[in-house]
Amino acid sequence: QSVLTQPPSVSGAPGQRVTISCTGKSSNIGAGHNVHWYQQIPGTAPKLLIYGGSIRPSGVPDRFSGSKSGSSASLAITGLQPDDEADYYCQSYDSSLSAYVFGTGTRVTVL
Amino acid sequence: QLQLQESGPGLVKPSETLSLTCTVSGDSISTTDYFWTWIRQPPGKGFEWLGTIYFSGSKNYNPSLQSRITMSVDTSKNQFSLRLTSVTAADTAVYFCARQRRGWDDLHVWGQGTTVTVSS
Chain S
1 QSVLTQPPSV SGAPGQRVTI SCTGKSSNIG AGHNVHWYQQ IPGTAPKLLI YGGSIRPSGV
61 PDRFSGSKSG SSASLAITGL QPDDEADYYC QSYDSSLSAY VFGTGTRVTV L
Chain R
1001 QLQLQESGPG LVKPSETLSL TCTVSGDSIS TTDYFWTWIR QPPGKGFEWL GTIYFSGSKN
1061 YNPSLQSRIT MSVDTSKNQF SLRLTSVTAA DTAVYFCARQ RRGWDDLHVW GQGTTVTVSS
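Below, the structure is given as structure tokens:
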């Protein structure tokens, strides 16, 4: 069940900056549960992009950054590149559902 | 290098049981720092967390699947498994296994996924 809301799509020209929002509520992001971001190229497995809201795993370019405020989180991609075309998902834990939950997903298109 | 590989039938009949295994290579499944998790992605849709198991056998299941799901771990084979009973077309999905870090709860390593279709 997707209880975290993301915009269906965002787009930008090469080199531009795009942001993806992830809106939750008081039982998940707002409760202080960790937020993580994944990149999925269609037909492949997801790749961890950001964990703990803002921490990049080793090997992830610093063009990707994450933040969190209240019951929402955001992923920013600066210096957009063609290889960034993919689907992006946020993930957290929901205390009311007693389940890990994912966002609805956002397709990033590089114009 | 840690790798996870899902295996199991790609086609299951309605009302039957879906069984998948995830084989872990490159590290021991009996590590105290990680959980082992199943996630699925129906065609064209987002992800659903199915359940998580610790090497000791301790488990957490998605409440929406509680009555149908069973997970187990075999430390001697470095594998963990998923069973889902009474499947319907709604269970058609790509099934992923992943390693989940204790504390952070992020899914930091994923298997490539295996497609399971429920159809007669």
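Those protein sequences? They're chains S and R, same order as listed. Counting from 1, one number per residue, gives the positions in the first sequence under the numbering used here. Counting from 1001, one number per residue, gives the positions in the second sequence under the numbering used here. No residue lacks a Cβ here, since even glycine has one placed at the ideal position from N, Cα and C.
Exercise for the section: Determine whether the Cβ of residue 64 of chain S lies closer than 8 Å to any Cβ atom of chain R. Expected result: Reading the first sequence from its first residue, position 64 is the one you call residue 64 of chain S. So, not an interface residue.
Exercise for the section: Note down, in chain order, each residue of its chain lying with its Cβ closer than 6 Å to the Cβ of residue 1094 of chain R, except the 5 sequence neighbours on either side. Expected result: Residue 1094 of chain R sits at position 94 when you count from the first residue of the second sequence. If we look at residue 1094 of chain R and ignore the five residues flanking it on each side, its Cβ neighbours are 1041, 1113, 1115.
Exercise for the section: Tell me, please, whether the CB atom of residue 34 of chain S is closer than 8 Å to any CB atom in chain R? Expected result: Start at 1 with the first residue of the first sequence, and residue 34 of chain S comes out as number 34. So, interface residue.
Practice task
Taking only beta-carbon positions, decide if residue 112 of chain S is within less than 8 Å of chain R.
Solution key: An answer regarding residue 112 of chain S cannot be provided, because it is not within the stretch 1 to 111 covered by chain S.
Exercise for the section: Give the residues from the stretch 67 to 100 of chain S that approach chain R closer than 8 Å (Cβ to any Cβ), ordered along the chain. Expected result: 89, 91, 93, 97, 98, 99, 100
Practice task
Compare the beta carbon distance of residue 1010 of chain R and residue 45 of chain S with 8 Å and say whether it is the shorter of the two.
Solution key: Locating residue 1010 of chain R in the second sequence gives position 10, where the first residue counts as 1. Locating residue 45 of chain S in the first sequence gives position 45, where the first residue counts as 1. In this structure, residue 45 of chain S does not lie closer than 8 Å to residue 1010 of chain R by Cβ.
Problem - Buried versus exposed, by CB contacts within 10 Å (16 or more), residue 1045 of chain R - result: As a first step, residue 1045 of chain R is located in the second sequence; it is residue number 45 there, counting from the start. Classification for residue 1045 of chain R: exposed.
Handout entry: Beta-carbon spacing of residue 3 of chain S, residue 34 of chain S below 8 Å
Key = Working through the first sequence from its first residue, we reach residue 3 of chain S at position 3. Working through the first sequence from its first residue, we reach residue 34 of chain S at position 34. Contact flag unset, no.
Problem - Pairwise C-alpha distance: residue 21 of chain S and residue 1075 of chain R - result: The sequence position of residue 1075 of chain R within the second sequence is 75, counting from 1. The sequence position of residue 21 of chain S within the first sequence is 21, counting from 1. Approximately 40 Å between the Cα atoms of the pair.
Practice task
Anything in chain R within Cβ reach of residue 57 of chain S, meaning under 9 Å, just list it in chain order.
Solution key: On the first sequence, position 57 is the one that residue 57 of chain S refers to. Under the 9 Å cutoff, chain R gives 1106, 1108.
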